[in-house]
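Enquirer: Here it is, the structure, as structure tokens.
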Amino acid sequence: MSRFLLPLTIFAVMVGFLAVGLTLNPREIPSPLIGKAAPAFSLPQLHDDGKTLSLDDMKGQVWLLNFWASWCSGCRTEHPILMDLARSGVAPIYGMDYKDQKHEALAWLDQWGNPYQVVAVDAAGRVGIDYGVYGVPETYVIDKQGVIRYKQIGPLDDETVTKKILPLIQELQAK
Amino acid sequence: MIPEIGHFALILALCVALVQGTLPIYGAAVGNSRLMALASPAARCQFFLVLTAFGCLAYAFASKDFSVLYVAATSNSQLPLHYRLAAIWGAHEGSLLLWTFILTIWMFAVTLFSSHLPEAMRSRILGVMGLVSVGFLLFMLSVSNPFERLIPAAVEGRDLNPLLQDPGMVLHPPMLYMGYVGFSVAFAFALAALLGGNLDAAWARWSRPWTTVAWCFLTIGIALGSGWAYYELGWGGWWFWDPVENASFMPWLAGTALVHSLAVTDKRGGFKVWTVLLAIMAFSLSLLGTFLVRSGVLTSVHAFATDPKRGLFILSFLAVVIGGSLLLYAWRAPRVGLGGGFAPVSREGFLLANNVLLVVATGAVLLGTLYPLFLDALDLGKISVGPPYFDSVFVPLITPALFLMGVGPLAQWKKAEIPDLAKRVRWAAGVSMLTALGLPIVLGEWTPLLSLGFLLACWIVVTAVVSVREQLAHVVGGGIGTRLARLPRAYWGMLLAHCGIAVFVVGVTMVKGFETEQDVRMGMGDVATVGGYTFRFDGVQNVRGPNYTAVRGTFHVSRDGRETALLYPEKRRYTAQNQVMTEAAIDSGVVRDLYVSLGEPLEDGAWSVRLYHKPFVNWIWGGCLIMALGGALAVSDRRYRPAWRREPQVVPANAQLAGR
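Take a look at the structure:
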């Protein structure tokens with residue numbers, strides 16, 4: 026009898042998750058990395074293989090690190106917000122092209138616009154592991170000393186940007 | 307007035323569906339034939355009522371009645387008539403109406419082709435379908451009424467989403483829904499059999515043509531969607547592992563498993579419980595797909611407007627229908643008993659292995675689709691699982707399945723001998739290996755994936771040839787032509803569908819292996835070369851469409867100095883929603899597509915342009931079409947026709963032959 030109940034059980038678990046999924050909104054979770062130094066990396070740049078981008082390049086400024094990929098639909102969702110942020114010039118945004126095909130990434134930026142100062146290529150997702158990336162998109166706010174101050178899992182939205190990220194950037198820049 | 311008639315017809319349809327979903331099933335349980343006799347007239351009546359509602363909505367669109375909220379939201383007075391009619395299923399409410407309408411079409415078809423079925427069986431089948439219909443009609447009437455009025459009426463409509471203003475929109479959703487909803491028939495057959503406790507070979511034979519037809523529609527529907535994405539999104543991609551694509555792919559995988567499992571139940575009486583479960587799964591996944599698209603729990607290019615009330619309704623409906631049927635399964639299936647035994651190496655064994663692989667693949671796709679949702683539910687954030695996951699999981703699962711596809715039809719039922727099989731396929735294996743190793747080198751590049759693709763495609767085709775040769779040896783007399791014609795159509799259908807897969811695999815392999823593309827900045831008169839073709843950009847001009855303005859580029863394509871094509875990609879701005887769409891221009895061919903799409907305007911009249919050379923890309927959809935044709939051919943087999951009129955047990959002699 027029990028093996029005949031198995032499909033029902035699996036389905037019940039799924040319905041449970043779907044029900045929760047309907048009610049819950051995505052929220053940021055405390056990351057163990059917040060308050061810690063951002064993991065170092067040195068990766069080739071998307072637009073110029075010859076050059077690399079490393080953590081030290083951003084020392085002394087407050088900046089955003091955005092993990093994205095051309096195959097990621099959430100990245101499309103948050104993209105206009107990144108473009109606005111880039112236009113406003115409050116803080117430089119650096120992109121991390123995560124597990125992506127180079128030509129697709131370039132075409133993507135070509136199509137939708139490029140909000141990034143520089144894009145580094147994390148083809149194998151190694152740096153993603155160091156940063157504890159669950160999936161793309163994810164965005165980090167990193168301060169002048171290279172310490173992670175905030176982590177957004179999932180697409181940025183207007184509310185998070187105006188209520189959390191912008192005030193945080195101002196606070197960090199004033200320090 | 308007309309919209310109110312439509313609304314009223316839906317209310318009446320709900321009442322009829324309630325009758326159809328209860329009394330005949332009760333009648334079948336207590337053996338009351340007067341109650342059972344209600345099923346067919348109720349189903350037909352429901353069909354005409356929903357047809358009326360559908361017609362009313364079509365009329366509202368055709369006459370630009372912007373006092374209907376749904377019409378005002380999804381069309382515009384400038385929108386051409388064919389798109390206004392396609393706009394019926396352009397958003398949530400109307401596509402539900404289409405869903406229900408197609409469900410009633412299938413019901414009507416069941417009433418027409420079920421006179422040979424025992425009355426209790428027929429009333430249970432129609433009863434179950436009636437219950438499904440109750441859910442959808444209730445959903446429409448409670449939270450998604452397509453006939454809701456907008457008072458005062460809008461002066462102008464908001465227009466159909468420009469992405470959907472495409473010939474693909476006219477065909478893709480109806481085809482897809484014919485497939486989705488078609489599985490409701492197999493589902494209803496399975497539940498009826500569980501309720502009646504008569505899961506026998508006859509039941510499987512009755513279910514088979516219905517399932518195959520639904521599968522054909524779904525195959526074509528998915529292929530159309532993929533082709534549409536290919537030229538409409540301007541990316542040259544044909545499959546994105548988008549949640550909604552997955553939602554249509556999962557029922558397809560389960561349906562493919564079901565088609566094969568039904569074959570075993572039909573011919574050998576085995577796999578009964580498994581077949582029932584697959585029938586429930588295929589339809590459940592169709593419903594789940596509907597839920598995923600409608601509730602807005604996942605982000606996707608197909609996202610419709612979301613409303614938590616709707617999500618909750620669909621989820622409850624899902625829980626009742628799927629939960630209920632799985633409960634019934636858990637309760638009744640243990641009594642079904644097993645079919646005849648078989649050795650692990652036998653046709654049953656191979657089919658079972660293939661089935662398991664398909665179901666595991668379905669599970670993998672389901673997991674990848676829902677994983678972001680699970681994380682979200684556990685409060686871990688919203689993420690995307692993309693092609694890297696699906697590609698790395700899917701290929702290893704499908705590769706052995708395609709290998710088995712070649713051997714399966716050659717193996718004997720019940721017990722096959724490996725040495726014997728190996729002897730029969732040794733030529734096929736040799737030819738495939740040689741092709742796999744040699745062809746990529748001839749084409750100028752060798753990679754493991756290229757080789758694998760050619761190996762599988764070649765294996766499928768050559769084993770099919772081996773199978774035909776062996777079959778012919780059993781047919782006596784006549785010339786080669788008459789002997790070929792004597793093989794049953796179901797057999798040809800199977801081979802054709804399998805070869806469709808081979809064609810598909812060739813397409814995917816060639817595109818993945820040899821496509822080339824360039825993103826270039828092109829000014830007037832600039833030249834770029836992709837895949838041996840030279841593209842010359844001759845500037846852009848402004849053009850006007852019925853409801854958009856566009857910039858149209860002109861590209862001269864030539865090869866070795868000879869002109870091959872003139873391409874006119876467009877960048878359209880749809881006026882009503884002020885939305886920009888990229889309209890790629892494609893020169894299609896059997897062995898390659900040339901694809902141009904305009905990116906962004908740059909300074910001095912230059913444009914960023916994407917140029918693609920896609921070898922064999924049309925084989926991808928061609929393969930799907932061949933699969934569907936194979937299915938259609940199989941359904942037309944004599945085996946099903948006499949079986950519809952006579953009682954079973956009369957198996958045509960040559961069908962047994964094919965069953966060897």
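For the record, the sequence lines run as chains A and B. When we follow our numbering, the leftmost residue of the first sequence carries the number 26, and every step to the right adds one. When we follow our numbering, the leftmost residue of the second sequence carries the number 307, and every step to the right adds one. For glycine and all other residues, C-beta sits at the position ideal for the given N, C-alpha and C. Nothing here was measured: the structure is a model prediction, and the numbers come from that model.
1. Relative to the C-alpha of B/LEU621, which residue among A/VAL45, A/THR34 and A/SER27 is closest?
2. With burial defined as no fewer than 16 other Cβ atoms inside 10 Å of the residue's Cβ, what is the status of B/ARG966: buried or exposed?
3. Kindly list, in the order they appear in chain A, the residues whose Cβ is closer than 9 Å to that of B/ASP465.
4. Report the residue from B/VAL487, B/TYR389 and B/ALA507 whose alpha carbon sits nearest the alpha carbon of B/VAL476.
5. Quick one: using the 10 Å Cβ neighbour count with 16 as the cut-off for buried, is B/VAL525 buried or exposed?
6. So B/ARG428 is in the alpha helix (DSSP H); what residue range does that whole segment cover?
7. DSSP three-state call for A/GLU103: helix, strand or coil?
8. Name the two residues that bound the continuous beta strand (DSSP E) containing A/ASN91.
9. Step through the CB atoms of chain A and report whether any lies within less than 8 Å of the CB of B/PHE453.
10. Helix, strand or coil for B/THR596? Go by DSSP, reduced to three states.
11. Is the Cβ of A/GLN86 closer than 8 Å to any Cβ of chain E?
12. Check each candidate in A/ALA62, A/ASN91 and A/ALA130 and name the one with the smallest Cα separation from A/PRO117.
13. Can the beta-carbon of B/ALA460 be found less than 8 Å from the beta-carbon of B/PHE372?
14. I'd like to know if B/ILE431 contacts chain A, where contact means its C-beta is closer than 8 Å to some C-beta of that chain.
15. Is the segment 619 to 636 of chain B in contact with the segment 691 to 703 of chain B, if contact means three or more CB pairs nearer than 8 Å?
16. Between A/PHE36 and chain B, is there a C-beta pair that is closer than 8 Å?
17. Is A/LEU58 close to chain B? Criterion is C-beta to C-beta, closer than 8 Å.
18. Is there at least one Cβ from chain B nearer than 8 Å to A/GLN142's Cβ?
19. Helix, strand or coil: how does DSSP classify A/ILE118 here?
20. Using a Cβ cut-off of 8 Å (strictly closer), state whether A/ALA65 contacts chain B.
21. If you reduce the DSSP assignment to three classes, tell me which class B/GLY527 lands in.
22. Determine, using beta carbons only, whether A/TYR165 and A/TYR175 come nearer to each other than 8 Å.
23. If you draw a straight line from the alpha carbon of A/ASP122 to that of A/LEU78, how long is it in whole angstroms?
24. Would you mind telling me which residues of chain B sit closer than 8 Å to A/LEU33, beta carbon to beta carbon, in chain order?
25. At a CB distance below 7 Å, what residues from the segment 153 to 182 of chain A approach chain B? Give them in sequence order.
26. Given a cut-off of 8 Å, decide if B/GLY937 and B/THR562 are closer than it, judged by their beta-carbon atoms.
27. Who pairs with B/VAL849 in a beta bridge, going by DSSP?
28. To the nearest angstrom, how far is it from the Cα of A/PRO140 to the Cα of A/ASP168?
29. From the beta carbon of A/GLN136, is the nearest beta carbon of chain B less than 8 Å away?
30. Starting from the N-terminal side, write out each stretch of the alpha helix (DSSP H) that is 4 residues or longer and does not extend beyond the segment 675 to 741 of chain B.
31. Would you mind sorting B/ASP465 into buried or exposed? The rule is 16 or more other CB atoms within 10 Å of its CB.
32. Near B/ALA940, which residues of its chain fall below 7 Å by C-beta distance, leaving aside the five closest residues on each side in sequence?
33. Pull out every residue of the segment 107 to 129 of chain A whose Cβ sits closer than 8 Å to any Cβ of chain B, in chain order.
34. So what does DSSP say about B/TYR483, is it helix, strand or coil?
35. What number of angstroms, rounded off, separates the C-alpha of B/VAL666 from the C-alpha of B/ARG858?
36. Three Cβ pairs or more, each shorter than 8 Å: is that satisfied between the segment 307 to 321 of chain B and the segment 177 to 196 of chain A?
Expert: Working from what's here:
1. A/VAL45
2. No answer about B/ARG966 holds up, because its pLDDT of 35 lies below 50 and its placement is not dependable.
3. Result: empty, since nearest Cβ-Cβ is about 21 Å, beyond 9 Å.
4. B/TYR389
5. Note on residue identity: the sequence assigns Thr, not Val, to residue 525 of chain B. Per the 10 Å Cβ criterion, buried.
6. 425 to 449
7. helix
8. 88 to 93
9. no
10. helix
11. In the structure shown, chain E cannot be found, because the protein chains are A and B.
12. A/ASN91
13. yes
14. no
15. no
16. yes
17. no
18. no
19. strand
20. no
21. helix
22. yes
23. 12 Å
24. GLY629, LEU632, LEU633, TYR635 and ALA636
25. TYR159, GLY160, VAL161, ILE178, GLY179 and PRO180
26. no
27. B/ALA856
28. 19 Å
29. yes
30. 693 to 713
31. buried
32. THR518, ARG795, ALA796, GLY799 and MET800
33. LYS124 and HIS128
34. helix
35. 47 Å
36. no
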